[in-house]
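Student: Please see the structure below; I have some questions.
Protein chains: 6
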Amino acid sequence: MTRIVYLSGEFVPEEDAKISIFDSAVSLGDTVTDSVRTFGHRPFKLEEHVQRLYKSLKVARIDPGCEPAEILAITEQVLEKNLPLLAPHEDYWLVYNISRGRFVMGPDPTVQRGGATVMIFNQPLDLRGWASYYEHGCHAVTAMSRAVPSQSLDARIKNRSRMAYTLAEMEVKLVDPDAQGVLLDVDGNIAENKGGNIFVVADGIVKTPICSNSLAGISRETILELCQEQDITCQETLLQPYDLYTADEVFFTSTPYCMMPATRFNGLPIGDGQVGSVTRQILAAWSEMVGMDIAGQALQQVTS
Amino acid sequence: MTRIVYLSGEFVPEEDAKISIFDSAVSLGDTVTDSVRTFGHRPFKLEEHVQRLYKSLKVARIDPGCEPAEILAITEQVLEKNLPLLAPHEDYWLVYNISRGRFVMGPDPTVQRGGATVMIFNQPLDLRGWASYYEHGCHAVTAMSRAVPSQSLDARIKNRSRMAYTLAEMEVKLVDPDAQGVLLDVDGNIAENKGGNIFVVADGIVKTPICSNSLAGISRETILELCQEQDITCQETLLQPYDLYTADEVFFTSTPYCMMPATRFNGLPIGDGQVGSVTRQILAAWSEMVGMDIAGQALQQVTS
Amino acid sequence: MTRIVYLSGEFVPEEDAKISIFDSAVSLGDTVTDSVRTFGHRPFKLEEHVQRLYKSLKVARIDPGCEPAEILAITEQVLEKNLPLLAPHEDYWLVYNISRGRFVMGPDPTVQRGGATVMIFNQPLDLRGWASYYEHGCHAVTAMSRAVPSQSLDARIKNRSRMAYTLAEMEVKLVDPDAQGVLLDVDGNIAENKGGNIFVVADGIVKTPICSNSLAGISRETILELCQEQDITCQETLLQPYDLYTADEVFFTSTPYCMMPATRFNGLPIGDGQVGSVTRQILAAWSEMVGMDIAGQALQQVTS
Amino acid sequence: MTRIVYLSGEFVPEEDAKISIFDSAVSLGDTVTDSVRTFGHRPFKLEEHVQRLYKSLKVARIDPGCEPAEILAITEQVLEKNLPLLAPHEDYWLVYNISRGRFVMGPDPTVQRGGATVMIFNQPLDLRGWASYYEHGCHAVTAMSRAVPSQSLDARIKNRSRMAYTLAEMEVKLVDPDAQGVLLDVDGNIAENKGGNIFVVADGIVKTPICSNSLAGISRETILELCQEQDITCQETLLQPYDLYTADEVFFTSTPYCMMPATRFNGLPIGDGQVGSVTRQILAAWSEMVGMDIAGQALQQVTS
Amino acid sequence: MTRIVYLSGEFVPEEDAKISIFDSAVSLGDTVTDSVRTFGHRPFKLEEHVQRLYKSLKVARIDPGCEPAEILAITEQVLEKNLPLLAPHEDYWLVYNISRGRFVMGPDPTVQRGGATVMIFNQPLDLRGWASYYEHGCHAVTAMSRAVPSQSLDARIKNRSRMAYTLAEMEVKLVDPDAQGVLLDVDGNIAENKGGNIFVVADGIVKTPICSNSLAGISRETILELCQEQDITCQETLLQPYDLYTADEVFFTSTPYCMMPATRFNGLPIGDGQVGSVTRQILAAWSEMVGMDIAGQALQQVTS
Amino acid sequence: MTRIVYLSGEFVPEEDAKISIFDSAVSLGDTVTDSVRTFGHRPFKLEEHVQRLYKSLKVARIDPGCEPAEILAITEQVLEKNLPLLAPHEDYWLVYNISRGRFVMGPDPTVQRGGATVMIFNQPLDLRGWASYYEHGCHAVTAMSRAVPSQSLDARIKNRSRMAYTLAEMEVKLVDPDAQGVLLDVDGNIAENKGGNIFVVADGIVKTPICSNSLAGISRETILELCQEQDITCQETLLQPYDLYTADEVFFTSTPYCMMPATRFNGLPIGDGQVGSVTRQILAAWSEMVGMDIAGQALQQVTS
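Chains as they are written, first to last, in this note's numbering: chain A, 3 to 306; chain B, 3 to 306; chain C, 3 to 306; chain D, 3 to 306; chain E, 3 to 306; chain F, 3 to 306.
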């Protein structure tokens, strides 16, 4: 028994899910992506994610060769095939990777000469790495390098040309192997984490950078909604490291872990060095919305 | 009979050269690359290319799991296997792609948990797309987007996270399907082409941008050497579009085609709109150095 | 019978409206401007335009030699003289150009040695070039060059030193002779069009860049007012090309055409590629406000 | 008796040299320019200036409707007509202004619908304003605003959209009515003066900014030549205000005055506050080259 | 009788308040600061100031060796000792300077090897220099230099490494010895004054820059509160010099003088050149809040 | 027996060398500095250092109240008084700190109301912290923050407003307590260390950044001279972190330690991870020039 991957029209076992080394995914990092997670085995905000995937495809000028409705149908099929392999307390990460397809050397490698390469797969959400952060918070650390500016490649195109993010994350691990990176833009404003957005809480107000230099995260959007629901003031603005140093609370958001509190920033405690009450309140609201204890699931993975 | 690819320890037929969709090459564009071409079936400046590959690996913090000498030995083996399949008048493109290996979801996807994925392959140099440019020159066009700045990801790390280059090249194709892109840096200086360096000739002096915003091309280095040999003054400086508009000659350099003259820039003729004499002189010197007619080989591919 | 121009104290026939080639308007592009259009032969927001003209004069340190009230009076006189020449279904464009006056070579050419040169004229609004855009939308295209930053020359000083705009517009015409330019600022944010502001509609919300890098358009202001009136949320923020690529609707605003919908951006359709419903709603409200069918007038010019 | 101006095919008296207020020179500052001076009634480096004029025309995409040879012939004719009006000790300033011609409102005002407007005129070089600077030096002052960056409008396109220069010059006059402006680029490097280049002398070495943010002055080129001839080391580099504050000597260069020494910078003396020996040496060499005393001519105008 | 200073654990007479020239305050400008003023001899917003002082200490990584409560207690003691020396109509400026302590040469001068140097002192508020500005307004002038960007040193760390501010202020004094400086950030946006924030009033709306490039002033915060109380719309946004040129009113805010109206900007009158009604209204509200006539106190100092 | 300090006209014992907390050195970090070291008890390049000190004073607009010759005379006096206290194998660091003098609150704190505060002192060069670096090299680490740009405060004004440097150095100590900081400028180019310049050696060529974003170090100048003497090619250019990652050798220069080799950069070995031969050659040449073993002196301090 093995998980099944959808690969450009076929359903193949995970271990056979391979692509040619001549694919533009490999040759050019020319792949658009999106990912969804399930809560209680049901995908969360699936339509929003697929809609964002199609925005990324459009701006990246990749023709996936199929409509959103087909992608949604395939998603359901893949999930249906793989759910029997999922433990009751676990959840899946549903990932879309769509590359431009075969790469051909020449003066115009940008022409999409054949079909796109469409990869859709499920992976059990391994939350163990993040589990302790729900309770104790992580160590947020500023990278030495700066985020790619939007006039070079807009961070809202969710893509797989991520070497800049990876190298920046390796820089922050020099400070602390457990550090989670904080990327600044070229003007020194807070941009984003390698795969998530960043929020601060100060004097009861939740703030996050505007999306001109970061991914328009769906988890980020969820925070904005939950804040409104909980009557917590939430602002989209420009932030600098000073705001993180002097915040009462800081947290990251991303699809797999939803919220990751940070309790240290560049070696200094954030607030009282504990996960804060506003962070806990929002996470509780999110847990309630999806009908399961988000942090609890991660902690259970560690202890089981 | 089929060409053979070296893939992480094995020699496999080209059509079987596949990697897992879970490789960091696919998931993160986390691949370092270099490529060499042969002249008369012998690799040109192979050691320089492998040395640059190891610089890229170092700065990208990827452990390839083998030393340069081993890479050179494998290169010879792959080439030996594939040479019988090459027509006498053709040449090979030798490509190295080395990714960090398997990608694992979690708070630290940057750790290299297994061996690198090493891909080494040969492809016949299909020069037909560039052939007419040797005689008539191409149309150089400025991209709307700007090159990724070095403080985000240094262009000298020759890598496969190239979506920014691909999208910029698609922008210039809006002006002319045959256009070849000229990327500016965020300050508006000439940076590079999607895969090559840019030179202007003005009043008999050859100029090219310093490498703070562009690949340190080995073809570029070859031009500097040939100019010295030919007593042509050559300067590394900062250039702007004005320099291309008012140049007598413009050319690009890259491993596969060596030199690609441009005779138009953003719709205007460069100089008298013909491939210039300094360009021809340098290309002739290069042809002499490698003992074959570089442009002739490309033209032969078109006519045969 | 010919239209009359006010030229520094005199009313002269249009064909005699000439200025010395030694005027600073010619020698230095040292001219401040504003323009108004009529709807049904009455000037629209005339006072606002004259007030903005005086702001431009102040920041440009040009003494026009007369007060706003005088300018308003002359405007009425010129219009009165020229209205008999206007067809009932047509309207006028009223233009103010005020230069610093005679230019004198020397170490201080900035001193205003004589009176300003005041030019006030009417031209029939020739809307034929824009007519089809009301129905089918135009093609918005990003320029390769970047808008002049405010620390070099603030775009809110409405002036006639517009070579940067003209050359950027010529760049976008390389993509499509019918393209309308989208200028980015040096950070890659959407700035403005050569003579207008830019709006996007996404998820029912209207957004336009803040005025730190673009003209504080009176048509732009009118959109903000109409949106409020129509209960459409409207935000002034920072936008990037991604926002135009993924918008449901995009439109430009400027005095002569009021609103110019765009249905393509850099070769890709905007939304469904049709002029959108929010755009139509706002244009209808504007038409109602001024008591005439704005698009209809332009279409009539084409068909008549 | 009056001087004659060449105006788009006709020779007209200076007082009749007028252009329509609808010309793009007035409506858009859409004019390319160059200017030459005579020494002893003979134009200096005329061919170089006309060559640069044609570079500006090309990059500005203006078709002048005639070849350089014709321009040179007309120049001689105009000069011949006007020389009888010149006193023996005076010289002429020969100016070219070429606009795109008539401006037509509409979505594409950039199309050149008719012939260019070609203005060629002579003016006696009134050097009185600069005369005292040859002996005592001027006061160089940094502007608050910054030079237009090359990615907005390249300073090497010698053009008449100069409001940014004019306003910056008015800022420096706030410090001292006799101040001569020093424009910085947006990074804070020395760019240029409103109409000239800037040089410093420090420890016997002459330095001037590279031309990526300033006009490629022909007077600047002359300095480079004279330095080589005089065995004075001359470097093109990046300079900042610190270099002017700590220089031994500073001077400006421009066509009308050739060299203008500065002896104060932002209120502080440069070197010993006197015009320096290297400056004097270069000016003497220039005077010798052209066979007349450059400073002497200016001083004579003041005293006579 | 002399005022008493608290100096690292001791109460010493003002004239004996000296620190070693080897202190990091002198060697590195390594001092964090804050200052409070009294109204009617009672400190205003003392807790907010001490809280901000501790934010500065944290971000500057200086351990003061004592808790905020201790600082507050010492503040009261110092004030109690010094109040008998204060005339009834005068008020005190309470200043905190806390340096990292002794500086030791070597590869790590950043280690805090001994206790911090804590300086707390009172000075009679000498408001005479500002007095006339309450009635006639000051002359606001843009500096040639640019504010230190937040990615170099965040302006919200209230610190004593202020040479950049001092030199910029000396630049503006070149225009007018009475000028008050307006610093722009490196993008040309209004940042702050050498020791205060900047507000404009336009069409009845009060605007001030967001704090990404300026001190998060407590006086600034007070203005926001007073505006809310007075039903005056107040916006935090990006401003440029154009906004000051065209404003109806401009004022600065800082702890000693509270509000300083500006009635000229770079030589031009602001609005009608008089202190404006909104400025007067806010200052009146502030005076009422603190139970004394703020401007009156300053004027009294001049006349008495 | 104690060392003597010159303090504004008096010679005082080191422990009495104190200044008022109201001095602008403390209140504004308003101090210009320079420092010299002795070799074999004789100051090295003393005149150059004093000349640079006077450049800094000029640009900082501080009047020291005395001429360079007086400073040189006092330097000799101070040194003469302190030399008897120096062990034969030790050397002195001679430091100049000159502040603007007393700080007075008010609208113009920049006016120098009294004499400057002149501090001149000697300290035994404690080289123990650097000793091991001569043999094993230090760990160079990039700071998260960026160097203050020259348009905010030119690094060539050697000054004591150094909080930006101190905080950046504390960032790099997060990576490694022994790390030595590498500051980038806001464009991502290598600028300088908190107190020294940075050199790379690659393929036998020595390179260092141009001085537009770093101190014009006298030790840096000495390297340029020694390279010329030793026939080693030396270039002043723009460098990025890539150049340090891929260098064969890296070293810092500063007055106290002369040269500090770096053998790691951001956690990766530089070259073979050993102090390189070019570095050793230059250091040997320097030792020879000054007649003593520079590294030996430091090592002797550790072992003795």
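The beta carbon of each residue, even a glycine, is placed where N, CA and C say it ideally should be.
The structure presented is a predicted model; accordingly, all values stated were derived computationally and were not measured.
Which residues in chain F have a C-beta closer than 8 Å to the C-beta of E/LYS20? List them in chain order.
Tutor: By Cβ distance, chain F contributes LYS20, ILE21, SER22 and ILE23.
Student: Does C/ILE73 come out as helix, strand or coil in the three-state DSSP assignment?
Tutor: If DSSP states are grouped into helix, strand and coil, C/ILE73 belongs with the helices.
Student: From D/ALA204 to D/MET291, what distance separates their C-alpha atoms?
Tutor: Each residue's alpha carbon lies about 25 Å from the other.
Student: Can you tell me where the beta strand (DSSP E) with A/GLU238 in it begins and where it stops?
Tutor: A/GLU238 -> beta strand (DSSP E) spans 236-239.
Student: With distance defined between alpha-carbon atoms, name the residue in F/LYS20, F/ARG164 and F/GLN299 nearest to E/VAL34.
Tutor: That would be F/ARG164, whose Cα lies nearest to the Cα of E/VAL34.
Student: Please list the terminal residues of the continuous beta strand (DSSP E) segment that includes A/ARG266.
Tutor: Residues 260-267.
Student: Express the C-alpha separation of C/CYS236 and C/LEU226 in angstroms, rounding to a whole number.
Tutor: Approximately 7 Å between the Cα atoms of the pair.
Student: Tell me whether D/PRO271 is buried or exposed, calling it buried when 16 or more other Cβ atoms sit within 10 Å of its Cβ.
Tutor: D/PRO271 is exposed by the Cβ-count criterion.
Student: Whose C-alpha, out of F/GLU92, F/VAL52 and F/ASP274, is nearest the C-alpha of F/LEU129?
Tutor: That would be F/GLU92, whose Cα lies nearest to the Cα of F/LEU129.
Student: When DSSP labels each residue in this structure, what does E/ARG54 get in the three-state scheme?
Tutor: Residue state, collapsed to three classes: helix.
Student: Closer than 8 Å, CB to CB, is D/SER154 near chain C or not?
Tutor: By this cut-off, D/SER154 is an interface position.
Student: Under the DSSP definition of a beta bridge, which residues are partnered with E/ILE220?
Tutor: According to DSSP, E/ILE220 bridges with nothing at all.
Student: Measure the C-alpha to C-alpha separation of D/LEU217 and C/MET107 and round it to an integer number of angstroms.
Tutor: So the two alpha carbons sit approximately 18 Å from each other.
Student: Output yes if chain F places a C-beta closer than 8 Å to the C-beta of E/GLY31; else output no.
Tutor: At least one chain F Cβ lies under 8 Å of E/GLY31.
Student: Can you check the region 81-140 of chain C for any alpha helix (DSSP H) of at least 4 residues that lies completely inside it and give the ranges in chain order?
Tutor: 130-138, all fully within the region 81-140 of chain C.
Student: Do C/CYS213 and C/ILE284 count as a contact pair if the criterion is CB distance below 8 Å?
Tutor: In this structure, C/CYS213 does not lie closer than 8 Å to C/ILE284 by Cβ.
Student: How long is the line joining the alpha carbons of A/PHE267 and D/TYR136, rounded to whole angstroms?
Tutor: Those two C-alpha atoms are separated by around 60 Å.
Student: Taking the alpha-carbon positions, what's the D/ARG39 to D/GLU78 distance?
Tutor: Rounded to the nearest angstrom, the two C-alpha atoms are 13 Å apart.
Student: What's the C-alpha gap between C/ASP187 and D/THR281?
Tutor: Their Cα atoms are separated by approximately 40 Å.
Student: At the level of alpha carbons, what is the spacing between F/GLN276 and F/VAL252?
Tutor: For F/GLN276 and F/VAL252, the distance between alpha carbons rounds to 10 Å.
Student: Could you check the C-alpha separation between F/ARG44 and D/GLY206 for me, to the nearest Å?
Tutor: Approximately 29 Å, taken between the alpha carbons.
Student: Comparing alpha-carbon positions, which option in C/THR255, C/SER37 and C/PRO179 lies nearest C/VAL202?
Tutor: Measuring from the Cα of C/VAL202, the nearest candidate turns out to be C/THR255.
Student: Among the candidates F/ALA264, F/ILE21 and F/ALA89, whose CA atom is the shortest distance from the CA of F/PHE41?
Tutor: Ranking the options by Cα distance to F/PHE41, first place goes to F/ALA89.
Student: Quick one: is F/PRO151 near chain H, going by C-beta distance under 8 Å?
Tutor: Annotation note: the requested chain H is absent from the structure, which comprises protein chains A, B, C, D, E and F.
Student: In the DSSP assignment, what are the bridge partners of C/PRO151?
Tutor: Partner(s): none; C/PRO151 has no beta bridge.
Student: Between the region 182-212 of chain B and chain D, which residues of the former have a C-beta closer than 8 Å to a C-beta of the latter?
Tutor: Answer set for the region 182-212 of chain B: LEU186, ASP189, GLY190 and ASN191.
Student: Which complete beta strand (DSSP E) runs does the region 179-203 of chain C hold, if anything under 3 residues is left out?
Tutor: List check, beta strand (DSSP E) in window: 181-186.
Student: What are the boundary residues of the alpha helix (DSSP H) that includes B/PRO243?
Tutor: It spans 243-247 - the alpha helix (DSSP H) in which B/PRO243 sits, taken as one unbroken run.
Student: Identify whether D/VAL143 lies in helix, strand or coil by the three-state DSSP scheme.
Tutor: It is a strand residue.
Student: Assuming E/THR257 and E/SER37 are in contact, meaning their beta carbons sit under 8 Å apart, how far apart are those beta carbons, in whole angstroms?
Tutor: At roughly 5 Å, the Cβ-Cβ gap stays under 8 Å, so E/THR257 and E/SER37 are in contact.
Student: Can you tell me the Cα-Cα spacing of D/MET48 and D/LEU85, whole angstroms?
Tutor: Residue identity differs from the one stated: residue 48 of chain D is Leu in this sequence, not Met. Straight-line Cα distance between these residues: approximately 16 Å.
Student: In chain C, which residues lie with their C-beta within 8 Å of the C-beta of D/LYS175?
Tutor: Correct list: ASP110 and THR112.
Student: Hey, is the region 56-67 of chain F in contact with the region 158-175 of chain F, meaning 3+ C-beta pairs nearer than 8 Å?
Tutor: The region 56-67 of chain F vs the region 158-175 of chain F: in contact.
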